[in-house]
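Below: the structure, in structure tokens.
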Amino acid sequence: MEWLTLRSNEKTLLDRIKEIERKWQERWEKAHVFEADPDESKPKFFVTFPYPYVNAYPHLGGAFTILRVDVTARYKRMRGYNVLFPQGWHATGGPIVASALRLREGDKKIIETLKSMGVKDDEIEKFKNPEYWVSYFSKGWREDLKKFGMSIDWRREFHTTSLNPYYSKFIEWQYLKLKEKGLVGKGEHPVVWCPKENKVVGDHDRPDEYAGISPVEAVIIKFRTSDDLILPALTFRPETIYGVTNVWVDPDHEYLIAEVDGEKWVINDYMARELAEQKHTVRVEGRIQGKELLGRTARNPVTGDEVPILPAKFVDPELGTGIVMSVPAHAPYDYVALMELKENPEILKMYGLSEDIVKELEPIPLIKVEGYSRIPAKDAVARRGIKQQTERWKLDDATKEIYAKEYHTGVLLEITGQWAGRKVSEVKDAIIEWMVSKGFAITVHTLPERVYCRCGARTHVKLVSDQWFLLYSKPEWKRLAHRAVDKMRFLPTSLREVFHKNIDWLRDWACTHKRELGTPLPWDKDWVIESLSDSTIYMAYYTLAKYLQHPEKYGIRPEQLIPEVFDYVLLGRGDVNEVARKSGIPTNLLEEMRREFLYWYPVDLRISGKDLIPNHLTFFIFHHVAIFPEEHWPRGIGTNGWILVSGEKMSKHKGNFILLRQAIDWWGADATRWAEILAGADAGLDDANFEPEVAKSAIEELLGWIRFAESNYGKGRTSRLAIDDWFESVLNRTIIEVTEAMEATNYKTALVKAYYNMQNYYKWYIKRAGEPNRDVLKRYIEVVTLMIAPFAPHTAEEVWERIGKEPFISTARWPEPEKEKINPEIERAEELVRHVLEDIREIRKFVKDARKAKVIIAAEWKYNFVSRILEKRSSGLDLRRAIQEAIKDLASEHRKSAGRLVKPIMQNPEILSVFVKREVEIRALSEATEFLARESGIDEVEVVLEEEVQALKKTPLPAKPAIILE
RNA sequence: GCGGGGGUGCCCGAGCCUGGCCAAAGGGGUCGGGCUUAGGACCCGAUGGCGUAGGCCUGCGUGGGUUCAAAUCCCACCCCCCGCACCA
Numbered sequence: 002m003e004w005l006t007l008r009s010n011e012k013t014l015l016d017r018i019k020e021i022e023r024k025w026q027e028r029w030e031k032a033h034v035f036e037a038d039p040d041e042s043k044p045k046f047f048v049t050f051p052y053p054y055v056n057a058y059p060h061l062g063g064a065f066t067i068l069r070v071d072v073t074a075r076y077k078r079m080r081g082y083n084v085l086f087p088q089g090w091h092a093t094g095g096p097i098v099a100s101a102l103r104l105r106e107g108d109k110k111i112i113e114t115l116k117s118m119g120v121k122d123d124e125i126e127k128f129k130n131p132e133y134w135v136s137y138f139s140k141g142w143r144e145d146l147k148k149f150g151m152s153i154d155w156r157r158e159f160h161t162t163s164l165n166p167y168y169s170k171f172i173e174w175q176y177l178k179l180k181e182k183g184l185v186g187k188g189e190h191p192v193v194w195c196p197k198e199n200k201v202v203g204d205h206d207r208p209d210e211y212a213g214i215s216p217v218e219a220v221i222i223k224f225r226t227s228d229d230l231i232l233p234a235l236t237f238r239p240e241t242i243y244g245v246t247n248v249w250v251d252p253d254h255e256y257l258i259a260e261v262d263g264e265k266w267v268i269n270d271y272m273a274r275e276l277a278e279q280k281h282t283v284r285v286e287g288r289i290q291g292k293e294l295l296g297r298t299a300r301n302p303v304t305g306d307e308v309p310i311l312p313a314k315f316v317d318p319e320l321g322t323g324i325v326m327s328v329p330a331h332a333p334y335d336y337v338a339l340m341e342l343k344e345n346p347e348i349l350k351m352y353g354l355s356e357d358i359v360k361e362l363e364p365i366p367l368i369k370v371e372g373y374s375r376i377p378a379k380d381a382v383a384r385r386g387i388k389q390q391t392e393r394w395k396l397d398d399a400t401k402e403i404y405a406k407e408y409h410t411g412v413l414l415e416i417t418g419q420w421a422g423r424k425v426s427e428v429k430d431a432i433i434e435w436m437v438s439k440g441f442a443i444t445v446h447t448l449p450e451r452v453y454c455r456c457g458a459r460t461h462v463k464l465v466s467d468q469w470f471l472l473y474s475k476p477e478w479k480r481l482a483h484r485a486v487d488k489m490r491f492l493p494t495s496l497r498e499v500f501h502k503n504i505d506w507l508r509d510w511a512c513t514h515k516r517e518l519g520t521p522l523p524w525d526k527d528w529v530i531e532s533l534s535d536s537t538i539y540m541a542y543y544t545l546a547k548y549l550q551h552p553e554k555y556g557i558r559p560e561q562l563i564p565e566v567f568d569y570v571l572l573g574r575g576d577v578n579e580v581a582r583k584s585g586i587p588t589n590l591l592e593e594m595r596r597e598f599l600y601w602y603p604v605d606l607r608i609s610g611k612d613l614i615p616n617h618l619t620f621f622i623f624h625h626v627a628i629f630p631e632e633h634w635p636r637g638i639g640t641n642g643w644i645l646v647s648g649e650k651m652s653k654h655k656g657n658f659i660l661l662r663q664a665i666d667w668w669g670a671d672a673t674r675w676a677e678i679l680a681g682a683d684a685g686l687d688d689a690n691f692e693p694e695v696a697k698s699a700i701e702e703l704l705g706w707i708r709f710a711e712s713n714y715g716k717g718r719t720s721r722l723a724i725d726d727w728f729e730s731v732l733n734r735t736i737i738e739v740t741e742a743m744e745a746t747n748y749k750t751a752l753v754k755a756y757y758n759m760q761n762y763y764k765w766y767i768k769r770a771g772e773p774n775r776d777v778l779k780r781y782i783e784v785v786t787l788m789i790a791p792f793a794p795h796t797a798e799e800v801w802e803r804i805g806k807e808p809f810i811s812t813a814r815w816p817e818p819e820k821e822k823i824n825p826e827i828e829r830a831e832e833l834v835r836h837v838l839e840d841i842r843e844i845r846k847f848v849k850d851a852r853k854a855k856v857i858i859a860a861e862w863k864y865n866f867v868s869r870i871l872e873k874r875s876s877g878l879d880l881r882r883a884i885q886e887a888i889k890d891l892a893s894e895h896r897k898s899a900g901r902l903v904k905p906i907m908q909n910p911e912i913l914s915v916f917v918k919r920e921v922e923i924r925a926l927s928e929a930t931e932f933l934a935r936e937s938g939i940d941e942v943e944v945v946l947e948e949e950v951q952a953l954k955k956t957p958l959p960a961k962p963a964i965i966l967e
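This is the structure:
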């Protein structure tokens, strides 16, 4: 990777940076700077990062979000808050278990992944145990985050699952509460099932190419032959039953004859098994070759038509039921297959069929679609030039097109009877319901394509009947969640609406799994609480982890954590002495824990990537409103987008995948932080773009600031210039703007304003002033260092120490703006000087040999006039009216000349925003003549008043003096 | 389809809420100059078109509209990205 190559001098710089970082990390730890305990004298701020799943080391993406949390924590600390920033680790769920199993099977990919993360050969063996993943990677995360400079209170660290019985007790308590309130219930649920291993097959249990394929609902329509065999045609488009011309089978496949729910069905092995797993009774009675069915007819249950059974190559006997109803008008496959039969009667002959059998079969249109002929399938096929049913790729494409168009915009024709005139999308569900109720069809859960388990077996859909659900669809629960959302603070603010929508949209959630890491459901121990479901209110656990996770200090054993303990500590219920007696935990310790909880709770801000909005963050709200009283509901949620690297999504495949530890190794912590912030760390949903180049140059930037600060602090002149006021005004205004951006967690904006914009102002200041004023320079160095401290804390600490401050900048106060020094008029005047400089330069382009510039200030009355205009405007008038009104107010001798100003003012409305009092303009320009001359390369600049000259070609305006070059 | 986020100059990207210092910040690239033995790094300048006085024209997805004034407000349309679940 290119950005790895640092030249030797840069390497030295990097070593210096790393040394500084190590030094401060050690000092912070030694001084316990980030360990937060209740302190009633200070306001608290509780900020969290969703605990990461510990199956790998952190990469730049996770680091990005947690960096925003750290910046928040550091900023709030500087604002005088007692900040709690804890961190735990998530191990609940399937992937770790699945990876451990795969490793046991000798899976090369897992070995490769582990090696790529730096796991040594002789250690890989240990990863066959899921537990080892948890301890290994939580350690890795902790190390990396420390090196990244996270201001975490590590005493509260923990990991989830029964591997941590303390946490498990807490989760058990939560679920007992939910059950008490009737928010957990049992139900049926379709899952992808491996018949060989007898288990649910999640994404992590499959080869990658099968990930993300979930069960879908399909309809099986029953076509009956004269001898009472049922031909069950599986379809996703039951509405097209009105256009069926025939039924397709694979002549070379051997179907089963099975009794399904008391009827004789012709069906494939696959669906026989799938139906059996979905509450249907299936008994196999015999077999039948597809070709034996050919030539018979079957009755369309809806229309009553007798349709022929015909052969088709495209029929996949292992998908669906292996039997397909043919709707040539609206299904490209069917259309092509039918045309092939018509054009090649020898196929029919081969099976001993008469060619007459297809002669009269014509597509039957039943849906009208804008932009298509009566037979849309024909259009789609013709457009792609499809000739044969074996052209799968094109046919699939055509099918997709027709399906989407007909579903969303198609209108049902007369032939569909009661449904005629309606849109497909509107009545589809009703059609299904009707067909099922009439006994014409059944619905079934199936997979849209073949999905294999990692073990090699083909999976099918099973209906699990004793599945536990979180009953999110309960209206009362949703109502409370909405109320919480109404009260919360969101960053960005647009998130509020998103959450309301998500709450409405959320349905019951299957909250238990089997054979995964986690906490067993307390009343049904075969099940383990699923990962999203066990990570909803654990922020409360951070307030207790300090006690629970340290038996060496507090002596609490897991079995002492009876529900009454959590009832008391988290909800204030019960008599503390009674709880102490029952649990054996001393009263004072229980009370201390209760106090700790009450001090920190609720969560003030939870910052996360945008991916958690529809799931975890919504659950987070739901569970809080279910368990806790209103005063402990979450107060805020902030989100950010993903990190891209050089404009592309990070992936190992592309070679732009960067682990946090690699980044820190290459650029150090602060430069990495700096580049991540600049990548786009404002609150929002947009992705941020990390540029390795920026990280590289940040190393020098940061060392440059240390050098600049150290060597300039205390330097400078003692005299006072007008331009000093300008710089102080800008500096103080910047503090206000940066503070606003910090409050909104718009950290890129804040950093750009605090550092880069200030640096530009400083350059201008030096250009104007020559040498800076000593006090102003000191203040500049202090303020900028303080403002970048949340972003580059190690660098800031180093500067702080070198300019003689102590103890830590991490606990120093955020700069207060000296509001009295903010002077908009001075800033406008400076702006005006800049405009004049630009204008002189512009004119010089045309008058190259000019030696002298005369700057002619507008006459006194014009200032009154313009300030009148501004008054009128601020009372709501538009510009033209404001000018008219202002003219009326003028003394009569000026009215005529004022009329002549209307056009120039309309043409240069910017003068209104730079307008200052005449004296201020005169002074600013007079003091800047030397500067203007120097910068424009002219010998002399002279400021003259309009009253002192006559016969001007140009009209001077306030804030826009006339300029004459000579 | 539903929900969300976007479309800005050669590229990336700010601005849009709160209309006017916006031909549009900041990077990158390119061109020119300085520095240097040379390269790199660094510094200065230029980078829509036209123009011998600070100007004019074109311009922020497309088309309309509101306004003295629109990248910014309103309406319609086109295009791109993300999510749509039992999974971390």
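For the first sequence, our numbering begins at 2 and goes up steadily by one. Just so you know, even glycine gets a beta-carbon here, dropped at the ideal spot from N, CA and C.
Counting only the same chain and skipping the five closest in sequence on each side, list residues whose C-beta sits under 7 angstroms from that of residue i.
i: Leu571; result: Ala541 and Phe598
i: Ala899; result: Phe866, Ile888 and Leu891
i: Phe691; result: Leu61, Ile644, Leu645, Val646, Ala676, Glu677 and Ala680
i: Leu533; result: Asn616, His617 and Phe620
Looking only at DSSP bridge pairs, what is residue i linked to?
i: Ile939; result: Beta-bridge pairing links Ile939 to no other residue.
i: Ile1043; result: What the structure shows of the chain is the stretch from 2 to 967, and residue 1043 is not part of that stretch, so it cannot be assessed.
i: Arg972; result: Because residue 972 is not part of the residues shown, which for the chain are 2 to 967, the question remains open.
i: Ala284; result: Residue identity check: residue 284 is Arg in the sequence provided, not Ala. DSSP, once it has assigned bridges, lists Glu260 as partnering Arg284.
i: Ala299; result: Thr226 and Val308
i: Ile965; result: Lys855
i: Tyr49; result: For the sequence presented, residue 49 should be read as Thr rather than Tyr. Answer by DSSP bridge pairing, in chain order: Arg607.
Please work out which residues of its chain come closer than 6 angstroms, Cβ to Cβ, to residue i, disregarding the five sequence neighbours upstream and downstream, and give them in chain order.
i: Asp16; result: none
i: Val942; result: Ala854, Thr930, Leu933 and Ala934
Taking the CB atoms as reference points, tell me whether residue i and residue j lie closer together than 8 angstroms.
i: Glu873; j: Ala892; result: One detail in the question is off: residue 873 reads as Lys in this sequence, not Glu. No.
i: Pro1; j: Pro312; result: Any answer about residue 1 is impossible in this case: the structure gives the chain only from 2 up to 967.
i: Arg300; j: Arg238; result: no
i: Leu946; j: Ile858; result: yes
i: Ile804; j: Glu711; result: yes
i: Gly705; j: Thr93; result: no
i: His91; j: Thr161; result: yes
i: Leu838; j: Glu936; result: yes
i: Ile324; j: Pro233; result: yes
Hey, out of the options, whose CA is closest to residue i's CA?
i: Arg497; options: Trp506, Arg508 and Ala485; result: Ala485
i: Leu613; options: Ser42, Pro51, Arg459 and Lys24; result: Pro51
i: Ala482; options: Leu549, Asp467 and Lys502; result: Lys502
i: Arg919; options: Lys897, Glu861, Ala963 and Gly877; result: Glu861
i: Val834; options: Ala751, Thr746, Ala723 and Ala431; result: Ala723
i: Gln389; options: Val337, Ser117 and Lys265; result: Val337
Hey, is residue i close to the ligand SAM, as in C-beta under 7 angstroms from one of its heavy atoms?
i: Lys109; result: In the structure on display, the ligand SAM does not appear, and there are no ligands present to speak of.
Sorted by chain position, which residues of the same chain lie with C-beta nearer than 8 angstroms to residue i's C-beta, five sequence neighbours on each side aside?
i: Lys197; result: Cys454, Cys456, Gly457 and Ala458
Next item on the list: Answer yes if the segment 903-910 comes into contact with the segment 841-848, meaning at least three C-beta pairs across the two stretches below 8 angstroms, and no otherwise.
Entry: no
Note to self: For the structure I just gave you, are there three or more beta carbon pairs, one from the segment 446-457 and one from the segment 198-210, closer than 8 angstroms?
What the structure shows: yes
Next item on the list: Indicate whether the contact test is met: 3 or more Cβ pairs, each with one atom in the segment 435-447 and one in the segment 169-176, closer than 8 angstroms.
Entry: no
Next item on the list: Take every Cβ of the segment 778-797, pair it with every Cβ of the segment 749-765, and state whether three or more of those distances are shorter than 8 angstroms.
Entry: yes
Next item on the list: Decide if the segment 289-298 is in contact with the segment 241-258; the criterion is three or more beta carbon pairs, one per stretch, under 8 angstroms apart.
Entry: yes
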